[in-house]
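Going down the list, the protein sequences come from chains H and W.
Take the position in the first sequence, starting the count at 1, then add 871; the result is the number in this note's numbering.
Take the position in the second sequence, starting the count at 1, then add 871; the result is the number in this note's numbering.
Think of the CB as a built atom: it goes at the ideal place given N, C-alpha and C, for glycine as much as any other residue.
Model, not experiment: these values are computed from the prediction.
This report refers to the structure that appears directly beneath it.
Number of protein chains: 2
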Amino acid sequence: MTLHPPKIGPQDCGDCPIRHRAVCSRCEPDELGRLESMKYYRSFQAGQTVIWSGDRMEFVASVVTGIATLTQTMEDGRRQMVGLLLPSDFVGRPGRGVAPYDVTATTDLVMCCFRKKPFEDMMATTPHVAQRLLEMTLDELDAAREWMLLLGRKTAREKIASLLAIIARRVSGQKQRIGAVQFDLPLTREEMADYLGLTLETVSRQMSALKRDGVIHLQEKRRILVPDLDALSNETGDDQVGEMLA
Amino acid sequence: MTLHPPKIGPQDCGDCPIRHRAVCSRCEPDELGRLESMKYYRSFQAGQTVIWSGDRMEFVASVVTGIATLTQTMEDGRRQMVGLLLPSDFVGRPGRGVAPYDVTATTDLVMCCFRKKPFEDMMATTPHVAQRLLEMTLDELDAAREWMLLLGRKTAREKIASLLAIIARRVSGQKQRIGAVQFDLPLTREEMADYLGLTLETVSRQMSALKRDGVIHLQEKRRILVPDLDALSNETGDDQVGEMLA
DNA sequence: CGCGTGCGTTGATCTGGATCAAACGGGAAA
DNA sequence: TTTCCCGTTTGATCCAGATCAACGCACGCG
Chain H
872 MTLHPPKIGP QDCGDCPIRH RAVCSRCEPD ELGRLESMKY YRSFQAGQTV IWSGDRMEFV
932 ASVVTGIATL TQTMEDGRRQ MVGLLLPSDF VGRPGRGVAP YDVTATTDLV MCCFRKKPFE
992 DMMATTPHVA QRLLEMTLDE LDAAREWMLL LGRKTAREKI ASLLAIIARR VSGQKQRIGA
1052 VQFDLPLTRE EMADYLGLTL ETVSRQMSAL KRDGVIHLQE KRRILVPDLD ALSNETGDDQ
1112 VGEMLA
Chain W
872 MTLHPPKIGP QDCGDCPIRH RAVCSRCEPD ELGRLESMKY YRSFQAGQTV IWSGDRMEFV
932 ASVVTGIATL TQTMEDGRRQ MVGLLLPSDF VGRPGRGVAP YDVTATTDLV MCCFRKKPFE
992 DMMATTPHVA QRLLEMTLDE LDAAREWMLL LGRKTAREKI ASLLAIIARR VSGQKQRIGA
1052 VQFDLPLTRE EMADYLGLTL ETVSRQMSAL KRDGVIHLQE KRRILVPDLD ALSNETGDDQ
1112 VGEMLA
C-alpha cells in the first residue's frame, strides 16, 4: 500500500533543524545518542495519511519538515481538525497504543519516529525528555483552549482572521504584529473550514470579504499578503492587551 | 474582599480523598511529606472567583472537593468555558506566572494549594510529580480536543446530550452506559451555554426537547434522571464503537 | 404578607452561516 | 490543442440557533 520514498533526514541529531525545539531539545549528548538508536525517518507526500484513527501505534514522532493535521471524523462525515502540526511538534502519546485521530500530511512531510517501547523506557528513566514533553503538552493545551473560544464564540470573519493571524505570526517568526507579512497558505479552503468549524463556501466568502476590505491581498489563491498585521489582528476579536503577555 | 472560611481539609495526605488520582498519586511517603510542607487548603463558596485571568499566580492547586470552571471572556462579553474541574483535577502551570483564564467555584470548593516555587523545585528534582502531571495534562488535551469537535461540528441537541452523558458517566463512576442514572446538574443553564457555545435559551429548549422525547426526566430543574444511558449516548452523535476503546 | 431577584421556560422573529447549485480557471493528461 | 479535474468562487435559498421579549416559579427579605 504505502510506498516508501527515500528515507531522508539528518542522520546526526546535531544537524537536525528542530534540535533546539523538539522533545529532544533538553537532552545531553549521551541522551541524544540513546535517542538516535531508537529513531528512524519516514517521509510522506502531500495528502498521504500518516496514521488512521484506531490504528495501533508502534511509534511516537516529531515533525521535522512540512505540515500535518490532526482530525476527528464523525460517522456521518462531519470533520473537525483538532491540531495543526508544524516542525518540532510531537505526535503520539507514550502509554497509549491506539491513535485517537487521523494524522495527515498536508504538505510533503518528514517525521523523526521513535520506537514506542524504548522511548517509553527512556521517559521513565531520564527526566529531560519527559520535562520537555510536559512543557510542549501544556502549550498545546493552551492552544486547544484558545481554539475552543474560537469555535464556540467567534464569527466566521473573526475565525478566518484568527487563523490567518496565527499562521502569519508563526511563518514570519516575529511575535510583533507590525508591518507587512507575506506567506503561502498551507491549507485548502476545505481544510481551513475543517479547522474553523465552517463550510468551505463560508471560508471562501469571508476570504473574499477580507480581500475586498483591504485586510489581505490574494495573489494566486494561496499566496497571502497581509499589508498590516495589526489591522488583521483587529479583526480577530481577541483582546489586544491580553495577547501581549501570553 | 475575600473572606476566608475556616481552612478545612484533610491535614494528612494519607486521608485525602483524591490521594490516588491527583498530581501526588505517584508519590512515595517521603515525597508526600515534602508536599505537605508546601501545601495549604483554601475554601471557596459557590459563585466565588478563585483566580482572575491576568492575575499573578503564586500557587498551583488540586481540586479536593466541589467543582470549578475555567472560562475565557472576550472584550464584548462573549464567554467560553474551556474546562470543568472536578475533584483531583489540577489548576495552574508550573513555570508560568500569570493566569490565562478565570477560575470560578460553581459549587462550594476546597482546593489543596502548593506554593509555586517549592512545587517547581520539586518537579525539577523528583520525577513522580512531573510524570503524573504529564499524564493528567495529556488526558486534558484529549478532552479539549473532544470538546473542539463538539463546539465545531455538533448540533445543539448533540451538544446537550454529550454534556449530560459526560456528567452522568463521571458522576455515576461507571464507564458502562447501561441502565438508569440520576444526578444533580452542577451547572446553571447559562453555564451550560457557556460550555457548549450556545445561548441559555437554546439550552433550555433542547433540555425540554430531550425531556419531551423521554431521553431524560427532570425533577426540580437541576435533578436529572436518565432512564437509559444508552439512549442518551445515541443522541450525542459520537461513534459508539470508537468510544469503547478510549 | 407583598415584593424583589435569580433562574428557568416559552413564544415570536431575525439572521449568519449552511445548503444547493452553477460556473470559473489553471494545470495535467490525452 | 482539447478535455478533464480539482480547488475555488459566487449566487439563491433555507434553516438552526440567536435575539428580543414576556412570563412563571421559588425563595429570601423587609
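6 Å Cβ shell around residue i - same chain, five flanking residues per side excluded
| i | result |
| --- | --- |
| Val1097 of chain W | Ala1039, Val1052, Ile1087 and Leu1103 |
| Ser1043 of chain W | Val1052 |
| Ala1064 of chain H | Thr1070, Leu1071 and Val1074 |
| Gln1077 of chain W | Ala1027, Arg1028 and Ile1031 |
| Pro989 of chain W | Met909 |
| Pro877 of chain W | With a pLDDT of 46 at Pro877 of chain W, under the threshold of 50, the modelled position of that residue is not reliable, and the figure given next carries that caveat. Result list for Pro877 of chain W: empty, nothing under 6 Å. |
| Gly948 of chain H | none |
| Gln919 of chain W | Ala976 |
| Lys1025 of chain W | Gly1108 |
Contact set for residue i: own chain, Cβ-Cβ below 8 Å, skip 5 residues either direction
| i | result |
| --- | --- |
| Asp926 of chain H | Val969 and Ala970 |
| Gln1111 of chain H | Ser1104 and Asn1105 |
| His875 of chain H | Confidence at His875 of chain H is low in this model, with a pLDDT of 43, below 50, so the placement of that residue should be treated as unreliable; the coordinate-derived value is given next. Contacts found: Arg913 and Ser914. |
| Leu1034 of chain H | Met1063, Tyr1066 and Leu1067 |
| Ala1080 of chain H | Arg1028 |
| Gly966 of chain W | Glu991 |
| Gly904 of chain W | none |
| Met993 of chain W | Glu902, Arg905, Leu906, Met909 and Val1000 |
| Asp1109 of chain W | Ser1033 |
| Gln1002 of chain W | Arg897 |
Residues bridged to residue i [DSSP beta-bridge criterion]
| i | result |
| --- | --- |
| Cys983 of chain W | W:Tyr912 and W:Ser933 |
| Phe1054 of chain W | W:Ile1095 |
| Leu1089 of chain W | W:Ile1095 |
| Arg927 of chain W | W:Val969 |
| Val962 of chain W | W:Ala932 |
For residue j and residue i, believed in contact at Cβ under 8 Å, the rounded distance
| i | j | result |
| --- | --- | --- |
| Met952 of chain H | Leu941 of chain H | 7 Å |
| Ala917 of chain W | Thr977 of chain W | 6 Å |
| Leu1012 of chain H | Leu1022 of chain W | Leu1012 of chain H to Leu1022 of chain W, Cβ: 16 Å. No contact. |
| Leu1056 of chain W | Arg1093 of chain W | 5 Å |
| Arg1041 of chain H | Leu957 of chain H | 7 Å |
| Tyr972 of chain H | Gln943 of chain H | 6 Å |
| Arg986 of chain H | Phe930 of chain H | 6 Å |
| Ala939 of chain W | Thr975 of chain W | 6 Å |
| Leu980 of chain H | Gly937 of chain H | 3 Å |
| Met1019 of chain W | Trp923 of chain H | Rounded, the Cβ-Cβ distance is 19 Å, inconsistent with contact. |
| Ala1036 of chain H | Thr1107 of chain H | 5 Å |
| Thr1059 of chain W | Leu1009 of chain H | Not a contact, Cβ separation roughly 30 Å. |
| Val962 of chain W | Val894 of chain W | About 10 Å separates the two Cβ atoms, so there is no contact after all. |
| Leu1005 of chain W | Leu1005 of chain H | 5 Å |
| Cys887 of chain H | Leu906 of chain H | That pair is no contact at about 10 Å. |
| Pro998 of chain W | Pro998 of chain H | 6 Å |
Endpoints, the beta strand (DSSP E) within which residue i is located
| i | result |
| --- | --- |
| Gln943 of chain H | Ala939 to Thr944 |
| Met952 of chain W | Arg950 to Leu956 |
| Thr920 of chain W | Thr920 to Ile922 |
| Ala976 of chain W | Asp973 to Ala976 |
Limits of the unbroken alpha helix (DSSP H) element including residue i
| i | result |
| --- | --- |
| Val1042 of chain H | Ala1027 to Ser1043 |
| Thr1073 of chain H | Leu1071 to Arg1083 |
| Val969 of chain H | No alpha helix (DSSP H) holds Val969 of chain H; DSSP gives it neither H nor E. |
| Thr1008 of chain W | Pro998 to Arg1024 |
| Arg1122 of chain W | Residue 1122 of chain W lies beyond the residue range present for chain W, which begins at 872 and ends at 1117; the question has no answer from this structure. |
| Ala917 of chain W | Neither: Ala917 of chain W is in no alpha helix (DSSP H) and is coded neither H nor E. |
| Asp1109 of chain H | First-last for Asp1109 of chain H: undefined, no H or E at that position. |
Contact set for residue i: own chain, Cβ-Cβ below 7 Å, skip 5 residues either direction
| i | result |
| --- | --- |
| Gly1068 of chain H | Gln951 and Leu1022 |
| Ile889 of chain H | Ser933, Val935, Pro958 and Ser959 |
| Glu946 of chain W | none |
| Cys983 of chain H | Gly880, Lys910, Tyr912, Ala932, Ser933 and Val935 |
| Lys1082 of chain W | His1088 and Leu1089 |
### Query
the region 1008-1039 of chain W: which residues have C-beta closer than 7 Å to a C-beta of chain H, in chain order?
Thr1008, Leu1009, Glu1011, Leu1012, Asp1013, Ala1015, Arg1016, Trp1018, Met1019, Leu1020, Leu1022, Gly1023 and Arg1024
#### Entry: Residues of the region 1097-1114 of chain W with Cβ closer than 8 Å to any Cβ of chain H, in chain order
Gly1108, Asp1109, Asp1110 and Gly1113
### Message
Closer than 8 Å between beta carbons: that is the criterion. Which residues of the region 1059-1084 of chain H meet it against chain W?
### Response
Leu1067 and Gly1068
### Query
Taking a cut of 8 Å between CB atoms, which residues from the region 996-1008 of chain W lie near chain H?
Pro998, Ala1001, Gln1002, Leu1004, Leu1005, Glu1006 and Thr1008
### Query
Listed from N- to C-terminal order along the chain, which residues in the region 927-946 of chain H have their beta-carbon within a distance smaller than 8 Å of any beta-carbon of chain W?
Leu941, Gln943, Met945 and Glu946
### Task
Check each residue of the region 953-980 of chain H: if its Cβ is closer than 9 Å to any Cβ of chain W, include it; give the result in chain order.
Val953, Gly954, Arg964, Pro965, Gly966, Arg967, Val969, Pro971 and Tyr972
### Message
Please list, in chain order, the residues of the region 878-897 of chain W that have any C-beta partner in chain H closer than 8 Å.
### Response
none
### Residues, ordered as in the chain, of the region 903-915 of chain H that lie near chain W by beta-carbon distance below 7 Å
none
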